[in-house]
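To start, the structure under review is shown below, and the notes come after it.
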Amino acid sequence: MQPIVRNVAFVAFLSIFFTVGMYYFNLSSSANTHPVTVVEDGNQEKVGTDSSNVQEMKQKYEHLLQFTDELRERVVALETSNKHLANSFQKHEAAEEKVHEIETETVRVTEKKVDAAVETDIKRESAEVPDLWGQETKHSTGPCHGELPEDAESYMDIVSRNPPPTSGPVPYPWCPEHPPRIKPATQRVYLAAMLFSRIYPDPAERTFCDLRTWLGYYRYAGVERVYLSDTWIKKEEQYKDHPCLAPAIKSGFVKYIDFHKIAYEFSVSNKRGNDFLGEVQTPAFDNSQKFAESENIEWIICMDMDEFPFIPKDREPGFLARYIWNIQKSEAKNKEPCDRTSMMHIKNVLVEGQRDPAFGPLNIQQSTRVALRGEPGNKKQIVRVKAVKYHQVHTSKTKFGRNFDPAQEDIQMLHVWGGRRYKWRKISELTPPEKEELFRKTKELDLGAIPERLIPCWPNREDWAEDYLYYSNKTR
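Per the numbering used here, the very first residue in the sequence shown carries number 35; after that it's consecutive.
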């Protein structure tokens, strides 16, 4: 603001000098254009100027002085205004800095209170279960739970099978409606997932059958239990009776959690932003954590409906569970229990291009361009259930172990961003410069055989088509 006012004052001064110069130029020109001549013996001679012209010049000069005085007063007024604005600007900056300090201190105090409350809970639990806390880490029953799950090898064998498709209603074992492959009486689930979501008309055009694709993809990756928190607001948004999702719930693969009450109360509270994370999403994760603990789950992955784990060098069934197990098995040989991985942060990589059914029937086929680089600072977590101190959206607080950030070329989280960057237009609808920009920053997404192995899980493709048309029409 200060430089702007100074520039105005400078321009005013230039105007004064320019105006003075122009007046002098006009006066001089006026005087020279009205000479008085005297004729003697037929000869003309210039002897002076007309007195009327002199009077006119004096008047112009007086007007010039008056105009100059007015400009000088305006410049002084501008300088005074500049000082007031400078003072206001300084006060505004000081106020903003104070607000920032208050907000920072509030966050710090809140986090400190949360940590203190969690520590109190841990101490209480420590008194109740002394074998889990305060023991030497060299013991397998110590606080870092370094023991390997005895039944993980058989779990990997089960979720890694790639049998030929059958002609029945459930052609592959990773179809969401397939009965549980893990028998709770003899072994536990090694890898589970938690998801909270709501299907409603929005520009991303997500549908109930898209969620079914998500379930099939995660089961193909090696997940054998999904805790699904349904945050429906309107009755028609509810998951449990929809034909695309009911079979997965009935089979036992999906643990359905009705989160309507909490979601609805938030929706009518007029709260926004971070309040949603604290009052809906985090409680949903905490609730799923309780189920995971009660069922003795080893690892749990916390994702959104538009996120898909992907390992470029392994696209076979069970790829995600196998990746985690290989890390856990390797660390068991050369790391102490408390030094082993308890949480992995998977880097998000955007998948762009508004969904287009021309590229295939599944939503993971319909956005075709994947970014060359991951999203800065945007990661999602896979965490050991026993290690969770408390959940957060992108990274939870753990009680023991190390955090591990794998390289993007080893494992990544495909974040289906769709057409957000280009106002939800399909790639075929982009202008040449927009298309050139998109292709410069991305490459073709290659999921290998995964889509072809998931498509047969849709015995009734008409359900998917109707579902997509309903939501695409609702958002246009």
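Yeah, the Cβ is synthetic: ideal placement off N, Cα and C, and Gly gets one too.
Around the beta carbon of A366, a 10 Å sphere encloses fewer than 16 other beta carbons of the protein chains shown; the residue is thus reported as exposed.
For Y357 and V193, the gap between their C-alpha atoms comes out near 12 Å.
Note on the segment 364-450: whole beta strand (DSSP E) runs with a minimum of 3 residues are 375-386, 403-405, 413-418, 422-424, 436-438, in chain order. The Cβ atoms of A280 and R232 lie no closer than 8 Å to each other.
Beta-bridge analysis with DSSP links A226 to I334.
By the Cβ test, the segment 463-473 is not in contact with the segment 405-416, since fewer than three Cβ pairs between them sit closer than 8 Å. Taking Q400 as the centre and dropping the five residues before and after it, the same chain places the C-beta of R389, D390, P391, F393, G394 closer than 7 Å to its C-beta, in chain order. In this structure N321 is in contact with S263, their Cβ atoms being roughly 7 Å apart against a cut-off of 8 Å. Our two residues, M190 and R259, have alpha carbons roughly 14 Å apart in a direct line. For F287, there is no enclosing beta strand (DSSP E), as DSSP marks it with neither H nor E. For Y261, the enclosing beta strand (DSSP E) starts and ends at 260-264. Within the model, the alpha-carbon separation for L354 versus A128 is close to 51 Å. Non-local C-beta neighbours of E341 in its own chain, meaning closer than 8 Å and more than five positions away in sequence, comprise N382, K414, M447, L448, H449, V450, ordered along the chain.
K289 sits away from F242, with the two beta carbons spaced by 8 Å or more.
In this structure the segment 368-387 does not lie against the segment 200-217, because fewer than three pairs of beta carbons, one per stretch, are closer than 8 Å. Proximity to I334 across P317, K269, M228, P371 peaks at M228, based on C-alpha coordinates. Rounded to the nearest whole angstrom, the C-alpha separation of I331 and E271 is 29 Å.
E478: not part of any alpha helix (DSSP H); member of the beta strand (DSSP E) spanning 476-478, first to last residue. It is roughly 21 Å from the alpha-carbon of R487 to the alpha-carbon of I216.
Per DSSP, F319 has no beta-bridge partner at all.
In the structure shown, S231 falls within a strand segment according to DSSP collapsed to helix, strand and coil. By the 16-neighbour rule on beta-carbons within 10 angstroms, D244 is buried.
Judged by their CB atoms, A282 and E211 are nearer to each other than the 8 Å cut-off. In the DSSP annotation of this structure, E270 is not part of any beta strand (DSSP E), being labelled neither H nor E. Collapsing the DSSP output to three states places P490 in a helix.
Distance between S430 and D373, taken at the CA atoms: about 17 Å. Residue pairing from DSSP leaves G202 without any beta-bridge partner. Ranked by how close their Cα comes to the Cα of E299, the residues Q100, T265, F287 have T265 in first place. For G435 and T476, the gap between their C-alpha atoms comes out near 36 Å. When DSSP states are grouped into helix, strand and coil, P485 belongs to the helix group.
For the options W359, V110, D338, the alpha carbon positioned closest to that of W248 is the one of D338. Excluding sequence positions up to five before and after F293, its CB lies within less than 7 Å of the CB of F230, S263, D264, T265, A318, all in the same chain and listed in chain order.
When secondary structure is reduced to three states using DSSP, P343 falls in the strand class. Exposed is the label assigned to G482, since fewer than 16 other Cβ atoms lie within 10 Å of its Cβ. Apart from the 5 residues on each side of it in sequence, Y251 sits with its Cβ closer than 6 Å to the Cβ of F342 in its chain, given in chain order. In terms of CA proximity to T432, V417 leads the group Q442, D439, V417.
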